[in-house]
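**Student:** I am attaching a structure below and will ask some questions about it afterwards.
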Amino acid sequence: MSIKIENVSKRFNDFVALDRVNLTIEPGELVALLGPSGSGKTTLLRVIAGLEVPDEGRIYFDSEDATDKDVGEREVGFVFQHYALFRHMTVFENVAFGLRVKPKKQRPSEAAIREKVHGLLNLVQLDWLGDRYPHQLSGGQRQRIALARALAIEPKVLLLDEPFGALDAKVRKDLRRWLRRLHDEIQLTSVFVTHDQEEALEVSDRVVLFDHGRIEQIGVPDEVYDHPATPFVYGFLGHANRVESRVDHGFATIGRARIAAPEYPAAVGATGTAYIRPHDLEIVDDAGQAAFSAKVEHIVKLGSTVRLELSDLSDGKPLETELTREGFDETSIATGDTIHLAARRARVFIDAPAASKETA
Amino acid sequence: MAAVLDKPLPEAAPRRVARPIGRPPSRSRWMPIALTTVALAYVTIALFVPLAAVFVEAFRKGIAHYFASISEPDALSAIRLTFTAAAIAVPANLVFGVSAAWAIAKFDFKGKAILITLIDLPFSVSPVVSGLVYVLMFGLQGWFGPWLQAHDIKIIFAVPGIVLATIFVTFPFVARELIPLMQAQGRDEEEAAVALGASGWQTFWRVTLPNVKWGILYGVILCNARAMGEFGAVSVVSGHIRGTTNTLPLHVEILYNEYNFAAAFACASLLAFLALVTLVIKTVVERRFLKAAR
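So this is what it looks like as structure tokens:
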């Protein structure tokens, strides 16, 4: 089923949680809503579910207007951040709940419920836990039970609120790969909220970036990472060096170098900020070609990559570059050395008057 | 120079070693003992001795007299009335307390703060005042007095007044117990239930209520203890009519004022016994409650 969100706004007193949001989610897609806390992503998820009523705008499931439908009528599976398992019920009863509360006419027989629940527990690979209570399970197990419970009512849409937020790093990684595989298997239109960029980029078909109640960018993971549409996205997705820049007639200065900035053909003497990913700062031998000359302050080895923390010789501002372990081992760089850097790729944004909030 | 430095060391070092690990250095060892003694003495004088005295006095004239005192018609009537008042007040406040706590903890509405304050009112008002308020409202000279008399309904100096006063005084117990518990549990499970298609009623019976059952039982026990033991408010509205509007605590007072000490203490021992039973149940429930909360 497709979901169409049309001009949805929501306020909580003075706080604008959603500001005229438009978004279409295709059938069978797995979409990540990504953004910092308070950016409105969870509110949107709850509006889709019907747990929150929008002040303005409509929600369509396929072509049907679902805005005025109750949560229960929308047939959505919702997985809560803290699982919200019924603590006084066994795992089995938790999963069976959605079937047991159906009106008598639609309620499956006890045998059918039993079969369905065991099927779901097998799907999440936890059939052996049926008699346990939620507090006897680990976080990862609880999350999978919550998922099985949500799937029991055969929802048309699966909504997950920070599904891996409360788990430790290792479990989180396993579980998100598992979720991706599960999604490929059951092909259910799914939306999940996360503040973890890695999670969004790894798991989703498309990423929707939120900030201050607005959508900043929508795109497939590669696209949003390689071509961020706004300074916010650049700052939020991955690391980026920020460098002051002057933009003139479609060209921008980055340190001592000039690069093309075709987005701004008419700019004259505009001040802007250039964003350069650390791995796009290349170490070069020739100071003449380089945009920056910098002193190596720290060398941080992080598994397969090596991060150099630098300070720009001209103004002392910090810069960061990343090399592969092999690439680093071929050089003889040591702390205190002076190196020269060129920008392989950079993106300049002219500072908007309101841009001060993005730099915070 | 070296000799000067060496000298204080042998003294200082053993002192540091002798100090027990984990005990604050400035407090001496007799402090905790003294505090425990004071607390024990206080509990003995203020609680244990009076409680023991009740039972000793009750049996002073022998077991036969004891049972005669608690089985004479006026005493039996007082016991019956006490149980009747509690049997009405406790369920009434149970229903009210659960609904109020549910509304306060799970929904947002205007006037929530006022409702919370109102629930606390019986705790902050002297019971005598609450009794007087009922006299003012339902008494012969009260607001509804003439109307009630015209329709031949007696509230003050009758059983309904006693029940009303008991309800008022015990009104906060269940709600007070449940509100923080339900607030701490949050709305997640209810939202999950609703998202799974449960109706409001199903959500309440299958999710909300089972999660607070021990809290409810705890509140009911406290409510019941107070309902049976209430003196002030009931005394004002009762009129002290023997065999009709005397509750057990009022009956004790009357016997005592008549210098019938053995009988007074015999009836008092019933109340004390009820209190002890309540304490035992309360302790058991509390333990289950804490276990369930984990």
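Protein chains in written order, with the working numbering: chain A, 1 to 360; chain B, 361 to 654.
Backbone N, C-alpha and C define an ideal beta-carbon position, used for all residues, glycine too.
1) For B:A518, which three-state DSSP category applies?
2) Among B:H425, B:S598, B:A460, B:F528, which one has its Cα closest to the Cα of B:M542?
3) Taking C-alpha atoms, which residue in B:F456, B:R586, B:S598 lies nearest to B:F517?
4) Three or more C-beta pairs closer than 8 Å, one from the segment 183–196 of chain A and one from the segment 25–45 of chain A: is that the case here?
5) In the DSSP assignment, find the beta strand (DSSP E) that holds A:L158 and state where it starts and stops.
6) Whole angstroms is fine: what's the gap from B:A525's alpha carbon to B:H511's?
7) Using three-state DSSP, classify B:Y578 as helix, strand or coil.
8) Can you name, in chain order, every residue of its own chain whose Cβ lies under 6 Å from the Cβ of A:L319, other than the five neighbours on each side?
9) At what residue ranges does the segment 576–633 of chain B contain a whole run of the alpha helix (DSSP H), taking only runs of 4 or more?
10) Kindly say whether A:K153, judged by its beta-carbon, lies nearer than 8 Å to any beta-carbon of chain B.
11) If distances are taken between C-alpha atoms only, which option among A:E93, A:V79, A:Y225 comes closest to A:R345?
12) Taking any Cβ of chain A, which residues in the segment 534–557 of chain B have a Cβ under 8 Å from it, in chain order?
13) At a Cβ threshold of 8 Å, is A:R87 touching chain B?
14) Return the residue from the list A:Q141, A:Q106, A:D55, A:D131 that minimises the CA-CA distance to A:H88.
15) Could you compute how far the alpha carbon of B:V637 sits from the alpha carbon of B:G505?
16) Just the Cα atoms here: how many angstroms apart are A:E115 and B:F528?
17) With distance defined between alpha-carbon atoms, name the residue in A:L123, A:Q136, A:D337, A:R46 nearest to A:F80.
18) Would a check of beta-carbon distances place B:V567 closer than 8 Å to chain A?
19) Using a Cβ-Cβ distance under 8 Å, would A:G327 count as near chain B?
20) Under 8 Å by Cβ, that's how I've got A:E93 and A:R58 pegged, so tell me the actual separation to the nearest angstrom.
21) Cβ of A:G72 less than 8 Å from any chain B Cβ?
22) Determine the chain B residues that contact A:K69 at a beta-carbon separation under 7 Å, and present them in chain order.
23) Report yes or no: do three or more beta-carbon pairs, one from the segment 94–111 of chain A and one from the segment 181–188 of chain A, lie closer than 8 Å?
24) Could you pull the start and end residues of the alpha helix (DSSP H) that B:Y494 belongs to?
25) Taking 8 Å as the threshold (beta carbon to beta carbon), is A:G98 in contact with chain B?
26) Whole angstroms are fine: how far does the CA of B:W390 sit from the CA of B:T397?
27) Could you give the distance in angstroms between the alpha-carbon of B:V567 and the alpha-carbon of A:D280?
28) Mind pulling the chain B residues with CB within less than 7 Å of A:K102?
29) Look at the alpha carbon of B:L365 and the alpha carbon of B:I393, and state the distance between them as a whole number of angstroms.
30) Classify A:A355 as helix, strand or coil using the three-state DSSP reduction.
31) Quick one: does B:F467 have its CB under 8 Å from some CB of chain A?
32) Does A:G272 come out as helix, strand or coil in the three-state DSSP assignment?
33) Using a C-beta cutoff of 8 Å, does A:L147 count as contacting chain B?
34) Can you pull the chain A residues whose beta carbon is under 9 Å from the beta carbon of B:P451, in chain order?
35) What does a CB cutoff of less than 7 Å around B:G572 pick up in its chain, not counting 5 residues either side in sequence?
36) For A:V101 and B:L630, what's the separation of their Cα atoms in angstroms?
**Tutor:** Judging by the given coordinates:
1) Working through the second sequence from its first residue, we reach residue 518 of chain B at position 158. Coil at B:A518, not helix or strand.
2) Translated into positions along the second sequence, residue 542 of chain B becomes position 182. For the residues B:H425, B:S598, B:A460, B:F528, the minimum Cα distance to B:M542 belongs to B:A460.
3) As a working mapping, residue 517 of chain B is identified with position 157 in the second sequence. If we check each option's Cα against that of B:F517, B:S598 comes out closest.
4) yes
5) On the first sequence, residue 158 of chain A is found 158 positions in, with the first residue counted as 1. Where A:L158 is concerned, the enclosing beta strand (DSSP E) stretches over 157–161.
6) If you number the second sequence from 1, residue 525 of chain B lands on position 165. If you number the second sequence from 1, residue 511 of chain B lands on position 151. One C-alpha to the other measures close to 21 Å.
7) As a first step, residue 578 of chain B must be located in the second sequence, where it is residue number 218. Reduced to three states, the DSSP call for B:Y578 is helix.
8) The residue given as residue 319 of chain A occupies position 319 in the first sequence. Cβ neighbours of A:L319 beyond the five flanking positions: N241, A294, L310, D312.
9) 592–598, 608–617
10) The sequence position of residue 153 of chain A within the first sequence is 153, counting from 1. Note that residue 153 of chain A corresponds to Ile in the displayed sequence, not to Lys. Yes, its Cβ sits closer than 8 Å to a Cβ of chain B.
11) Looking up residue 345 of chain A in the first sequence gives position 345. Of the listed residues, the one whose Cα sits closest to A:R345 is A:Y225.
12) D548, E549, E551, A552, A553, V554, A555, L556, G557
13) The sequence position of residue 87 of chain A within the first sequence is 87, counting from 1. It does; some Cβ of chain B falls within 8 Å.
14) Within the first sequence, numbered from 1, the residue matching residue 88 of chain A stands at position 88. Nearest of A:Q141, A:Q106, A:D55, A:D131 to A:H88, Cα basis: A:D131.
15) Start at 1 with the first residue of the second sequence, and residue 637 of chain B comes out as number 277. Start at 1 with the first residue of the second sequence, and residue 505 of chain B comes out as number 145. Rounded to whole angstroms, B:V637 to B:G505 spans 40 Å at the Cα level.
16) Translated into positions along the first sequence, residue 115 of chain A becomes position 115. Translated into positions along the second sequence, residue 528 of chain B becomes position 168. Whole-angstrom Cα-Cα distance: 52 Å.
17) Counting from 1 along the first sequence, the entry for residue 80 of chain A is found at position 80. The residue with the shortest Cα to Cα distance from A:F80 is A:R46.
18) Here residue 567 of chain B corresponds to residue number 207 of the second sequence, with the count starting at 1. Yes, because at least one Cβ of chain A sits closer than 8 Å to the Cβ of B:V567.
19) Walking along the first sequence from the start, residue 327 of chain A turns up at place 327. No - not a single Cβ of chain B is within 8 Å of the one on A:G327.
20) Position 93 of the first sequence, counted from the first residue, corresponds to residue 93 of chain A. Position 58 of the first sequence, counted from the first residue, corresponds to residue 58 of chain A. That belief does not hold up - the Cβ atoms of A:E93 and A:R58 are roughly 37 Å apart, past 8 Å.
21) As a position in the first sequence, residue 72 of chain A is number 72, starting the count at 1. Interface residue, yes.
22) For the purposes of this step, residue 69 of chain A is taken as the residue at position 69 of the first sequence. None at all; the shortest Cβ gap to chain B is about 12 Å.
23) no
24) In the second sequence, counting from the first residue as 1, residue 494 of chain B sits at position 134. 487–498 is the extent of the alpha helix (DSSP H) around B:Y494.
25) Against the first sequence, residue 98 of chain A aligns to sequence position 98. Yes, because at least one Cβ of chain B sits closer than 8 Å to the Cβ of A:G98.
26) Looking up residue 397 of chain B in the second sequence gives position 37. Looking up residue 390 of chain B in the second sequence gives position 30. Roughly 10 Å separates the two Cα atoms.
27) Counted from its first residue, the second sequence places residue 567 of chain B at position 207. Counted from its first residue, the first sequence places residue 280 of chain A at position 280. Roughly 54 Å separates the two Cα atoms.
28) Within the first sequence, residue 102 of chain A is the residue found at index 102, counting from 1. The answer, in chain order, is G557.
29) Numbered from 1 along the second sequence, position 5 holds the residue referred to as residue 365 of chain B. Numbered from 1 along the second sequence, position 33 holds the residue referred to as residue 393 of chain B. At B:L365 the pLDDT is 40, less than 50, meaning the model places this residue with poor confidence and gives no usable figure here.
30) As a working mapping, residue 355 of chain A is identified with position 355 in the first sequence. Legend: pLDDT at A:A355 = 42, less than 50; position of this residue unreliable, no value from coordinates given.
31) For the purposes of this step, residue 467 of chain B is taken as residue 107 along the second sequence, with counting starting at 1. No, no contact with chain A.
32) Taking the first residue of the first sequence as 1, we reach residue 272 of chain A at position 272. The answer is strand: DSSP assigns A:G272 an E or B state.
33) Here residue 147 of chain A refers to the residue found at position 147 when the first sequence is read from its first residue. Judged by the 8 Å Cβ criterion, A:L147 is not in contact with chain B.
34) Counting from one through the second sequence, the residue named residue 451 of chain B turns up at place 91. Neighbours of B:P451 on chain A: none; closest Cβ ~23 Å, over 9 Å.
35) For the purposes of this step, residue 572 of chain B is identified with residue 212 of the second sequence, where counting begins at 1. The displayed chain sequence assigns Val, not Gly, to residue 572 of chain B. If we look at B:V572 and ignore the five residues flanking it on each side, its Cβ neighbours are L538, L541, M542.
36) Sequence index remark: in the first sequence, residue 101 of chain A carries index 101 (1-based). Sequence index remark: in the second sequence, residue 630 of chain B carries index 270 (1-based). In this model, A:V101 and B:L630 are separated by some 47 Å (Cα to Cα).
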